[in-house]
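To start, the structure itself, in structure tokens.
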Amino acid sequence: MNRKDNIDKIAKYLARFAEEVKSYNDSNLYDINIHAENALIPILNAVFDIQLQNANSLNKKNFPAVDLVDLKNRVCFQVTSTPTLEKVKNTLIKFNDYNLQSQFDTLYIFILTQKQSKYSKESLLQHLHDGFEFDTEQHILDISDLRNRITFIQSLEKLELIARLCEHEFSDVQVDLRKKKYELGYLKSKSEPIYVNFLEANFPNKLFVADLNIDIEGAKEKINKWRESKGWRNRRKFKQGELLRNEMIEKKVFDAEWILRENKIHTFRNLYDSKESLTQFIDKGTIVELTPEEFYTTSEAHLSTFKYLLKNCLIQLCRNKEMEWFSEDEILRFKNNRDMPNQKQLRWKGKNKATKTVIFELMNKAKGHVVCFRSMAFRPSFELYGDKWYLVVNPTWSFTDPGGYNKSQYESSYMSGLKRQENNNAVYYQYRFFAYHLSFIDLFNPPYPYMTLTPFAPLDFSPSIEDSKWLPPKEFEPKNELEKELKIDKELNNTFFE
Numbered sequence: 020m021n022r023k024d025n026i027d028k029i030a031k032y033l034a035r036f037a038e039e040v041k042s043y044n045d046s047n048l049y050d051i052n053i054h055a056e057n058a059l060i061p062i063l064n065a066v067f068d069i070q071l072q073n074a075n076s077l078n079k080k081n082f083p084a085v086d087l088v089d090l091k092n093r094v095c096f097q098v099t100s101t102p103t104l105e106k107v108k109n110t111l112i113k114f115n116d117y118n119l120q121s122q123f124d125t126l127y128i129f130i131l132t133q134k135q136s137k138y139s140k141e142s143l144l145q146h147l148h149d150g151f152e153f154d155t156e157q158h159i160l161d162i163s164d165l166r167n168r169i170t171f172i173q174s175l176e177k178l179e180l181i182a183r184l185c186e187h188e189f190s191d192v193q194v195d196l197r198k199k200k201y202e203l204g205y206l207k208s209k210s211e212p213i214y215v216n217f218l219e220a221n222f223p224n225k226l227f228v229a230d231l232n233i234d235i236e237g238a239k240e241k242i243n244k245w246r247e248s249k250g251w252r253n254r255r256k257f258k259q260g261e262l263l264r265n266e267m268i269e270k271k272v273f274d275a276e277w278i279l280r281e282n283k284i285h286t287f288r289n290l291y292d293s294k295e296s297l298t299q300f301i302d303k304g305t306i307v308e309l310t311p312e313e314f315y316t317t318s319e320a321h322l323s324t325f326k327y328l329l330k331n332c333l334i335q336l337c338r339n340k341e342m343e344w345f346s347e348d349e350i351l352r353f354k355n356n357r358d359m360p361n362q363k364q365l366r367w368k369g370k371n372k373a374t375k376t377v378i379f380e381l382m383n384k385a386k387g388h389v390v391c392f393r394s395m396a397f398r399p400s401f402e403l404y405g406d407k408w409y410l411v412v413n414p415t416w417s418f419t420d421p422g423g424y425n426k427s428q429y430e431s432s433y434m435s436g437l438k439r440q441e442n443n444n445a446v447y448y449q450y451r452f453f454a455y456h457l458s459f460i461d462l463f464n465p466p467y468p469y470m471t472l473t474p475f476a477p478l479d480f481s482p483s484i485e486d487s488k489w490l491p492p493k494e495f496e497p498k499n500e501l502e503k504e505l506k507i508d509k510e511l512n513n514t515f516f517e
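Residue numbers (my numbering): 20 to 517.
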């Protein structure tokens with residue numbers, strides 16, 4: 020498609036958009052304006068070479084006069100269907116009252132319908148901060164002005180992008196879909212479930228603390244003898260945790276449910292039990308039994324120690340579920356086979372039984388070899404709300420080299436491309452899958468004794484607001500050859516959960 024064809028296509032869809040907004044506003048249906056704000060974001064970004072965001076999505080309340088903001092380039096827009104001088108004046112008054120000129124150098128007022136033929140500059144100047152420029156001819160825009168700006172764009176690639184964005188938002192299909200929603204009373208009474216990325220964490224009601232008791236000098240000597248056998252120099256300084264882990268490995272003790280702080284072992288394991296393997300490394304005369312609450316409410320330091328203990332228990336729970344802790348990125352990811360790295364799938368059940376790929380294989384199609392593996396992963400943290408503890412699951416990805424463990428040299432490029440493609444639904448589905456996987460228990464997968472996780476019940480929110488009304492569609496353009504081969508995970512969708 021040539022330059023003229025793209026411009027004609029853009030003009031057609033923008034005209035349709037203006038007519039749609041006018042039609043709804045004439046019927047006193049103003050929710051369309053909210054959708055319009057977000058539909059315009061990627062288009063305005065392309066036309067003005069800026070990076071607008073919806074001010075509401077920033078969770079800030081200090082932008083009362085504007086709707087779209089670019090904090091980096093110091094540009095902002097108010098989007099309105101009211102073209103009157105009074106509306107413009109009120110915007111400038113609020114802009115000045117809240118000192119927004121300290122954050123933005125340029126303010127545009129975008130009229131969704133049609134702006135007035137003329138605005139009195141004199142009546143507006145008195146409401147501007149000294150030194151802030153606002154030209155009624157340059158800074159008050161409507162669809163016609165936007166279309167005119169687009170005609171001066173020389174880049175065919177950019178015109179094609181704008182044409183695709185306009186078609187996505189303002190095609191007959193989208194217009195008809197919005198019409199049906201409004202006719203059904205959209206946004207008036209319908210509620211929706213809101214899922215937070217929490218899992219309730221439950222653990223034993225007893226915590227044991229005891230002094231460490233190992234032969235420190237003997238442990239150092241054993242490590243240095245091993246280093247000498249490797250031709251390495253002796254070390255003089257060691258952390259106590261390192262010495263303890265070395266002693267545990269030597270005695271084939273691989274328990275992970277402990278944390279060492281201030282020369283004391285903290286654990287959910289019963290240190291009064293003579294069969295407990297950790298008792299080999301403690302002074303039994305110093306054992307103290309507490310409730311978890313008695314411990315973590317003592318001080319911020321104790322709270323931090325308790326969170327580390329929960330993390331170590333989570334790591335062990337995940338080991339039982341074919342996952343591993345990757346300390347370099349502080350994430351838990353699905354574990355590849357180190358001897359024979361390969362793509363990996365798991366059977367699971369949401370609403371229906373299904374197979375989920377948890378480790379993807381990325382191939383160099385031209386040369387026919389594996390470039391890297393992409394593993395589903397999440398970054399964990401623990402938070403206390405009221406008297407309950409929650410695991411916060413932040414889904415992400417881990418890219419490994421063909422060996423299946425070490426970080427791939429291409430991870431930053433792949434991750435950047437993937438994040439530009441993924442939308443809210445993709446992250447939501449990943450969280451729901453992890454919620455299932457981490458909480459799943461059956462005869463062949465018995466509960467882990469030191470931690471169980473339970474999905475957080477959804478909150479009921481009314482009115483229902485679709486992401487499409489707040490978030491613009493993601494337009495993905497590969498920036499390099501690696502990104503061209505990158506595909507988002509489409510195996511999960513709402514049919515598995517609803």
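Beta carbons: idealized from backbone N, C-alpha and C, even for Gly.
DSSP-derived helix/strand/coil call for residue i
i	result
N253	coil
V194	helix
S417	strand
I181	helix
F171	coil
T125	strand
L33	helix
L218	strand
I507	coil
L71	coil
Q145	coil
L206	Bear in mind that the predicted position of L206 carries a pLDDT of just 46, short of 50, making it unreliable; the figure below should be weighed with that in mind. DSSP places L206 in coil when its eight states are reduced to three.
E281	coil
S139	coil
R22	helix
P212	strand
V272	coil
N383	strand
E247	helix
Y429	coil
Inter-residue CB distance, residue i and residue j (contact presumed, cutoff 8 Å)
i	j	result
E308	F227	6 Å
Y450	P399	The Cβ separation is near 12 Å, so there is no contact.
C337	Y469	Actually they do not touch by this definition, with Cβ atoms about 12 Å apart.
Q362	E380	4 Å
L231	L279	7 Å
L472	L410	6 Å
P474	A454	4 Å
CA-to-CA distance, residue j to residue i, given in whole angstroms
i	j	result
K239	N425	29 Å
K137	E219	59 Å
E313	I284	16 Å
F36	K134	15 Å
E179	N25	6 Å
L206	I51	In this predicted model, L206 has a pLDDT of only 46, less than 50, meaning its place in the structure is not dependable; the value taken from the coordinates is given anyway. Near 11 Å, if we compare the C-alpha coordinates of I51 and L206.
R352	N44	50 Å
L71	S323	38 Å
D292	F325	22 Å
D191	G423	47 Å
H187	F222	49 Å
N47	P102	15 Å
I301	T286	12 Å
Same chain, Cβ closer than 6 Å to residue i, neighbours up to 5 away in sequence not counted
i	result
L478	I213
T125	V94
L131	V40, A55, S100
E266	I233, A238
R254	none
Residues of its chain near residue i, where Cβ-Cβ distance is below 8 Å and the 5 sequence neighbours each way are ignored
i	result
L10	Nothing can be reported for residue 10: it is not among the residues displayed for the chain, which extend from 20 to 517.
L77	V88
Local Cβ density within 10 Å of residue i, reported as buried at 16 or more and exposed below that
i	result
G436	buried
P61	buried
K23	exposed
H456	buried
Q364	exposed
A320	exposed
M359	exposed
R366	exposed
D288	Before going on, a small fix: residue 288 reads as Arg here, not Asp. Per the 10 Å Cβ criterion, buried.
Proximal residues to residue i (C-beta, below 7 Å), its chain only, five neighbours per side dropped
i	result
N339	Y467
T110	A84, Q97, I128
S248	none
I169	I26, I29, V66, I181
K106	T99
E510	K375, T376
N115	H146, L147, H148
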